[in-house]
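S.K.:
Number of protein chains: 2
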Amino acid sequence: MLIESLTHPAPEALLAFLRAHLHARVTLHLAGEVEVLYAGRATSMAEAGDRLLLVKPDGSLQVHGPRGVKPVNWQPRTDHLSADLDGGCVVLHAERRSPAEVVRVRVIGCAQVTALNLADEALFLLQGSEAQMQQALARAPHLIEDGLTVLDRELLVGVGGIDLYARDSQGCFVVVELKRGKAGHDAVHQLGRYVDAVRAQVSAPVRGILAAPDITVPALKVAQAAGLEYVKVDALPQVQEEARQPMLF
Amino acid sequence: MLIESLTHPAPEALLAFLRAHLHARVTLHLAGEVEVLYAGRATSMAEAGDRLLLVKPDGSLQVHGPRGVKPVNWQPRTDHLSADLDGGCVVLHAERRSPAEVVRVRVIGCAQVTALNLADEALFLLQGSEAQMQQALARAPHLIEDGLTVLDRELLVGVGGIDLYARDSQGCFVVVELKRGKAGHDAVHQLGRYVDAVRAQVSAPVRGILAAPDITVPALKVAQAAGLEYVKVDALPQVQEEARQPMLF
DNA sequence: AGGTTGATCTCGACT
DNA sequence: AGTCGAGGTCAACCT
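Read top to bottom, the protein sequences are chains A and B. Our numbering puts the first residue of the first sequence at 1, with every later residue one more than the last. Our numbering puts the first residue of the second sequence at 1, with every later residue one more than the last.
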């Protein structure tokens, strides 16, 4: 996994190291004093400072400072990566088109640089996504309201899709918007848009339900004012009742 | 800057290393085979695989795989960090309250671990934020429309704030919503909300203008259908004309 | 390639 | 502490 590592390399040694590994499906880690320029959707410059640089085999690049999960500068995926000598310093260029962006990293001093092989064989499982919540509630719509019948999932209406489209025991159409976390007023507005879109196409009464484990106070007020309903549902609804359901027929 | 680095340390040596540096205002970098559990707002597990681990002095932790800017697992800022031996493996615990979350990293094999001092003395400048755009357009509202007079910035109306509140040459009130990038339909709806809120309080006619460097086709259609206007403005409006303005008085 | 949505979003600012 | 909105959001999915 550890391919090669240098400590305090001279610029020429660093350049050779980078050129040997940059395009070799390798993950690079560099710690050192660095100066970063970015130009693209916005423009930024960072004066020289101690930073941690990460370059992954997909060409993505990130420059980390001493705080936070977010890099100080980054490039999601580069179409072109190169290393050159400029004024006695190694300079990394990371460019991409669409959007047209470039990050230039000038390495003033390198304390350590490492080439690694990060093979990605590992299984990854995430529980609690909105997609899982949607699946669970589509199977057990009574967790939202008794007598609800799900007609569709991800129904496209105008722009965007309705998480759950259903009919209640009274025959009303019901638009359900799901949020896996606490719902804010943006979720209420999103629901309002979908309800409006359905009302424009259907003559029968249409209800809007925001289903989430929690809701902010302002969002609840906005919902009530707009005639939309909020229903508290668990983020990980346990749908094990069906296993207990006796076979009736 | 480079404090200490070990290659292929045994678990006991790694544990000593981590305990010596974890709470020493130091940035840690670890490359190795690792297994990660996360529980909090969601739940995830990653089987053993080659990963790159980063721990910063603020307690933030991230586990990187071979692709993308985003870590596979992370923890934004921990209240509690600890390292222990469990079944012959070093295990890192990173916990925080609010939200209650925990990340557990089991180090199965460590190829390299490094302690770094990332002093943050570096100046960072970002140009092209929406705040800068707002300031520039407030000073030069003619870039949006001739004869516009800005009355207010970030005017609070109901929930949320109006980026720019103005009056046009005809005496109409104008609500301006700014976007630094391409505007989507969410921006149009946001503008619509604000316009509605102002109309409810003012008897004079109210216009809504979406000012952005670009707009998606669907968003433009929605805007036109709702009687809202789109004005193309540069993301970095150069307001140097005022320097050329002759002193009239 | 363009558009939309979700995210363990992160992060800062403000109440 | 809670809420809100921006972000160079990123990244996945769909048309």
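Glycine included, C-beta positions come from ideal geometry on N, C-alpha and C.
Shorter than 8 Å from the beta carbon of B:LEU81 to some beta carbon of chain A?
M.R.: no
S.K.: Mind reading off the beta-carbon distance from A:LEU15 to A:LEU85? Whole number of angstroms is fine, and I expect it under 8 Å.
M.R.: 6 Å
S.K.: Would you identify the three-state DSSP class for A:ALA115, choosing helix, strand or coil?
M.R.: strand
S.K.: Count the CB pairs spanning the region 64–79 of chain B and the region 96–104 of chain B that are closer than 8 Å, and state whether there are at least three.
M.R.: yes
S.K.: What is the rounded straight-line gap between the Cα of A:PRO9 and the Cα of A:LEU28?
M.R.: 15 Å
S.K.: Using only the alpha-carbon positions, how far apart do A:LEU156 and B:ALA212 sit?
M.R.: 27 Å
S.K.: Report all residues from its chain with a CB closer than 8 Å to the CB of A:ALA243; omit the five preceding and five following residues, and keep chain order.
M.R.: Residue placement at A:ALA243 is poorly supported in this model, since its pLDDT is 40, which falls under 50; the coordinates still yield a value, given next. Taken in chain order, the list of residues that qualify is empty.
S.K.: Cα separation between B:ALA138 and B:LEU125?
M.R.: 21 Å
S.K.: What number of angstroms, rounded off, separates the C-alpha of A:ILE144 from the C-alpha of A:GLU154?
M.R.: Taking the straight line joining both Cα atoms gives about 17 Å.
S.K.: Within 8 Å of any Cβ in chain B, is that where the Cβ of A:HIS185 sits?
M.R.: yes
S.K.: Along the chain, where does the beta strand (DSSP E) that runs through A:ALA46 open and close?
M.R.: 43–55
S.K.: In chain order, what residues of the same chain have a beta carbon less than 7 Å from the beta carbon of A:TYR230, not counting five sequence neighbours either side?
M.R.: LEU210, ILE215, LEU220, ALA223
S.K.: Rounded to whole angstroms, how far is the Cβ of A:GLY147 from the Cβ of A:ASP168, which I believe are closer than 8 Å?
M.R.: Here A:GLY147 really is in contact with A:ASP168; their C-beta atoms are around 6 Å apart, less than 8 Å.
S.K.: Is there contact here, the region 117–137 of chain A with the region 29–42 of chain B, by at least three beta-carbon pairs under 8 Å?
M.R.: yes
S.K.: Would you list, in chain order, the members of the region 204–215 of chain A that have their beta-carbon closer than 9 Å to a beta-carbon of chain B?
M.R.: none
S.K.: So for B:ALA197, helix, strand or coil by DSSP?
M.R.: helix
S.K.: What does the Cβ neighbour count give for A:PRO205, buried or exposed, with the cut at 16 atoms within 10 Å?
M.R.: exposed
S.K.: Please report how far the alpha carbon of A:LEU248 lies from the alpha carbon of A:VAL150, in whole angstroms.
M.R.: With a pLDDT of 35 at A:LEU248, under the threshold of 50, the modelled position of that residue is not reliable, and no figure is offered here.
S.K.: In three-state DSSP terms, what is B:GLU12?
M.R.: helix
S.K.: Please report how far the alpha carbon of A:MET133 lies from the alpha carbon of A:GLU177, in whole angstroms.
M.R.: Each residue's alpha carbon lies about 11 Å from the other.
S.K.: Do you know offhand how far B:VAL55's Cα is from B:THR114's?
M.R.: In this structure, the alpha-carbon of B:VAL55 lies about 10 Å from that of B:THR114.
S.K.: DSSP state of A:PHE249, grouped into three classes?
M.R.: Legend: pLDDT at A:PHE249 = 34, less than 50; position of this residue unreliable, value from coordinates given subsequently. Coil.
S.K.: Please compile the residues from chain B whose C-beta is within a distance smaller than 8 Å of the C-beta of A:PHE124.
M.R.: SER44, MET45, ALA46, GLU47, VAL72
S.K.: For B:ALA31 versus B:ALA111, is the C-beta spacing smaller than 8 Å?
M.R.: yes
S.K.: Name the residue from A:GLY160, A:ASP186, A:VAL72 whose alpha carbon lies nearest to the alpha carbon of A:LEU37.
M.R.: When each option's Cα is compared against that of A:LEU37, the closest is A:VAL72.
S.K.: Classify B:SER98 as buried or exposed, calling it buried when 16 or more other Cβ atoms lie within 10 Å of its own Cβ.
M.R.: exposed
S.K.: How about A:VAL107 and A:VAL90: do their beta carbons lie closer than 8 Å?
M.R.: yes
S.K.: Cα-Cα, which of A:ASP186, A:GLU33, A:ALA140 is closest to A:VAL63?
M.R.: A:GLU33
S.K.: Check the Cβ-Cβ distances between B:LYS56 and every residue of chain A, and say whether any is below 8 Å.
M.R.: yes
S.K.: Can you check which of these residues, A:VAL175, A:ALA48, A:HIS93, is closest to B:LEU118 by C-alpha distance?
M.R.: For the residues A:VAL175, A:ALA48, A:HIS93, the minimum Cα distance to B:LEU118 belongs to A:ALA48.
S.K.: Rounded to whole angstroms, what is the Cα-Cα separation between B:VAL198 and A:GLU130?
M.R.: 35 Å
S.K.: Would you identify the three-state DSSP class for B:LEU85, choosing helix, strand or coil?
M.R.: strand
S.K.: What separation, rounded to the nearest whole angstrom, lies between the Cα atoms of A:VAL159 and B:ASP234?
M.R.: 27 Å
S.K.: Quick one: using the 10 Å Cβ neighbour count with 16 as the cut-off for buried, is A:VAL175 buried or exposed?
M.R.: buried
S.K.: Would A:ARG67 pass as an interface residue toward chain B - the criterion being a Cβ-Cβ separation below 8 Å?
M.R.: yes
S.K.: Is A:GLU241 helix, strand or coil by DSSP?
M.R.: Residue confidence is low: A:GLU241 scores 45 on pLDDT, short of 50, so the model does not pin down where it sits. Its coordinate-derived value is still stated next. Note: A:GLU241 maps to helix in three-state DSSP.
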